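Residue numbers (the numbering used here): 2 to 321.
Ideal Cβ placement from N, Cα and C applies to all residues, glycine included.
From a predicted model like this one, the values you see are computed outputs, not experimental measurements.
Step one of this worksheet: look at the structure below.
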Amino acid sequence: MAVLVAAVLVLLGGSLGYVLHAQQRGGGHRAVAADASFTLDGPGVYYRDAASGRVARRGGPADGPSCERFYAAGDRALCLRALPGTPARTEAVVYDRRFTVLRTVTVPGIPNRARVSASGQLLSWTTFAVGDSYAVSGFSTRTSILDLRTGYLVKSIETLPLTVDGARYHAADVNYWGVTFAADDNRFYATVSTGGRTHLVEGDLKAWSARTLRENVECPSLSPDGTRIAFKKKVSADPAAPWRLYVLDLADLREHPLAEPHSVDDQAAWLDDRTLAYALPAGEGGPGSDLWSVPADGTGAPTLLAPGASSPAAVLTPRG
Numbered sequence: 002m003a004v005l006v007a008a009v010l011v012l013l014g015g016s017l018g019y020v021l022h023a024q025q026r027g028g029g030h031r032a033v034a035a036d037a038s039f040t041l042d043g044p045g046v047y048y049r050d051a052a053s054g055r056v057a058r059r060g061g062p063a064d065g066p067s068c069e070r071f072y073a074a075g076d077r078a079l080c081l082r083a084l085p086g087t088p089a090r091t092e093a094v095v096y097d098r099r100f101t102v103l104r105t106v107t108v109p110g111i112p113n114r115a116r117v118s119a120s121g122q123l124l125s126w127t128t129f130a131v132g133d134s135y136a137v138s139g140f141s142t143r144t145s146i147l148d149l150r151t152g153y154l155v156k157s158i159e160t161l162p163l164t165v166d167g168a169r170y171h172a173a174d175v176n177y178w179g180v181t182f183a184a185d186d187n188r189f190y191a192t193v194s195t196g197g198r199t200h201l202v203e204g205d206l207k208a209w210s211a212r213t214l215r216e217n218v219e220c221p222s223l224s225p226d227g228t229r230i231a232f233k234k235k236v237s238a239d240p241a242a243p244w245r246l247y248v249l250d251l252a253d254l255r256e257h258p259l260a261e262p263h264s265v266d267d268q269a270a271w272l273d274d275r276t277l278a279y280a281l282p283a284g285e286g287g288p289g290s291d292l293w294s295v296p297a298d299g300t301g302a303p304t305l306l307a308p309g310a311s312s313p314a315a316v317l318t319p320r321g
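Quick look at the structure:
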C-alpha cells in the first residue's frame, strides 16, 4: 500500500505543480476575451504568448483570448483554458474568425493538445487526467472530438473499436491523444497507447473505427497535402530528453529525422508543406517556451520564430 501511495504521489507531483502554476497564472492573467480588433482575417502564424497568456499573431500584439493551448484553421479557433480549483478541469472554447464564442465545453483534466480540421468543422482536444507529461508512466488522457456540422460531441474516443496489428483489440489501458484531421473531415490520425507501447492509428468517423499503422509514433500532425505525418519518436530512455522530431511518409511508411537536435515534447504544426513549427523550453531563463521552425525534409537547421511562444497555427487567407 505504501508503494502504491508513493507511486501516485510521484505521478501527481508534476500534475499538481502544473495546476498550481496555471492557477497562479490565472490570478495574474485572468481569462480574457480577444480585443474587438483581433481576428483571424490576417493570414500568418498565430500562437500563445507566454508573457501575457494571450494569443498573438506573429509581428503583432497579443490581443487574442487567454489560452493554455490554442489552434486555428478554416474559420474556427480552439482555445483550452485551465480552470481554477481541484480536481483539474479544462474549458474548451470554440470561436469563429472574429473570436465570437460559438461553444464552450468543460472537461476533466489539464489542457494538453488542440487541433482544428482544415475546414474548421471538426475540433479535437486532449487533456491529462493524471500526470503532466508523456514521459511519466501511468498517465491517463481524455481526447474529445466535436463536429460543428452536427453539433455532436464525442467526449472520449476511447470508445472507438480498435484494431491492432490486424486483430480486434480490447484493453482497459487504452489512451488516445494528439488528433490530426484529414481534408475529408472523416479520417483522422492519433496516438494510441496500450500495453506500454504507442501506435499511430488511422481513424474513420463514419465507420467509427481505428486501426494501427505503425509503432512508436506520438503527437502526429498531418501535412497540408495529406501525404506525411510529423511526429515525435521516442529514441531514448532518458526521461529528460526522450524524443526526436520525425516525419513519416504515409505512402511507404518510411521515416526520417528532422534537423532539430533537441527533445521535442509537442505536437508540431505545419506552416506549409515544407516547414514545421514547434515549441521548446525557453532559452536564457525566458517564460514558458520558444517557438521554432525546421524544414520537413530533414535538411537545414532550426530557426527561432518567436521567443516566449507556444501552440503555433498557420492561418490562411479567408475563403471566398
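Pair within 8 Å by beta-carbon distance, Arg143 and Pro109: Against the sequence shown, residue 143 aligns to sequence position 142. Against the sequence shown, residue 109 aligns to sequence position 108. A contact, by the Cβ cut-off of 8 Å.
The stretch 238-252 contacting the stretch 155-163, beta-carbon criterion three pairs below 8 Å: no
Arg275 burial status per 10 Å Cβ neighbour count (16 or more: buried): Taking the sequence shown and counting its residues from 1, the one referred to as residue 275 is at position 274. Arg275 comes out exposed.
Three-state class that DSSP yields for Glu69 in the structure shown: By 1-based counting over the sequence shown, the position of residue 69 is 68. Of the three classes helix, strand and coil, the one that applies to Glu69 here is coil, per DSSP.
Local Cβ density within 10 Å of Tyr153, reported as buried at 16 or more and exposed below that: As a position in the sequence shown, residue 153 is number 152, starting the count at 1. So Tyr153 ends up on the exposed side.
The stretch 75-87 in contact with the stretch 184-194 per 3-pair CB rule at 8 Å: no
His263 versus Leu277 - alpha carbon distance: For the purposes of this step, residue 263 is identified with residue 262 of the sequence shown, where counting begins at 1. For the purposes of this step, residue 277 is identified with residue 276 of the sequence shown, where counting begins at 1. Between His263 and Leu277, the C-alpha separation is close to 15 Å.
Enclosing beta strand (DSSP E) for Arg255 [first to last residue]: Counting from one through the sequence shown, the residue named residue 255 turns up at place 254. Segment Arg255 to Pro258, the beta strand (DSSP E) holding Arg255.
Rounded separation between Ala324 and Asp291 - CA only: Past the boundaries of the shown model lies residue 324; the chain is included only from 2 to 321, so the question cannot be answered.
Interface flag, Ala252 vs chain B, CB-CB below 8 Å: Within the model displayed, chain B is absent; a lone protein chain is all it includes.
Under 8 Å between C-beta atoms of Arg229 and Leu214: For the purposes of this step, residue 229 is taken as residue 228 along the sequence shown, with counting starting at 1. For the purposes of this step, residue 214 is taken as residue 213 along the sequence shown, with counting starting at 1. Contact flag unset, no.
Spatial distance of Val57 from Leu103 (CA atoms): The residue labelled residue 57 in the question sits at position 56 within the sequence shown. The residue labelled residue 103 in the question sits at position 102 within the sequence shown. The sequence shown places Ala at residue 57, not Val. When rounded, the distance between both Cα atoms is 20 Å.
Extent of the continuous beta strand (DSSP E) to which His263 belongs: For the purposes of this step, residue 263 is taken as the residue at position 262 of the sequence shown. It is not in any beta strand (DSSP E) - His263 carries neither H nor E in the DSSP assignment.
Every unbroken alpha helix (DSSP H) inside the stretch 91-144 [4 residues or more]: none
Nonlocal neighbours in the same chain, by C-beta distance under 6 Å from Val236, ignoring five residues either side: The residue given as residue 236 occupies position 235 in the sequence shown. Within the same chain, Val236 has close Cβ partners Arg245.
Rounded straight-line distance, which links the Cα of Val94 to that of Thr105: Taking the first residue of the sequence shown as 1, we reach residue 105 at position 104. Taking the first residue of the sequence shown as 1, we reach residue 94 at position 93. Distance between the alpha carbons of Thr105 and Val94 is about 5 Å.
Distance between Thr101 and Glu377 (C-alpha atoms, nearest Å): A question about residue 377 goes unanswered here, because the residues of the chain that appear run from 2 up to 321.
Proximity to Cys68 [Cα-Cα], best of Asp253, Arg59 and Leu79: Locating residue 68 in the sequence shown gives position 67, counting from the first residue. Looking at the Cα atoms, Leu79 is the closest of the given residues.
Trp209 - containing beta strand (DSSP E), residue span: Locating residue 209 in the sequence shown gives position 208, counting from the first residue. Careful: Trp209 lies outside any beta strand (DSSP E) and carries neither H nor E.
Residue span of the beta strand (DSSP E) that contains Ser194, given as start and end: Here residue 194 refers to the residue found at position 193 of the sequence shown. Run containing Ser194: Arg188 to Thr195, per the beta strand (DSSP E) assignment.
Chain-order list of residues whose beta-carbon lies under 7 Å from that of Leu305 (same chain, five-residue window excluded): Sequence index remark: in the sequence shown, residue 305 carries index 304 (1-based). Closer than 7 Å at Cβ, skipping near neighbours: Asp291 and Trp293.
Complete alpha helix (DSSP H) runs within the stretch 150-193 (minimum length 4 residues, chain order): none
heavy atom of the ligand FAD below 7 Å from His263 C-beta: Within the structure as shown, the ligand FAD is missing, as the structure has no ligands at all.
Buried or exposed by the 16-neighbour rule on C-beta atoms within 10 Å, applied to Trp126: Position 125 of the sequence shown, counting from 1, holds the residue named residue 126. Classification of Trp126: buried, given that the 10 Å Cβ count is 16 or more.
Residue from Asp239, Asn176, Ser118 and Thr164 whose Cα sits closest to the Cα of Ser141: For the purposes of this step, residue 141 is taken as the residue at position 140 of the sequence shown. With distances taken between Cα atoms, Ser141 lies closest to Asn176.
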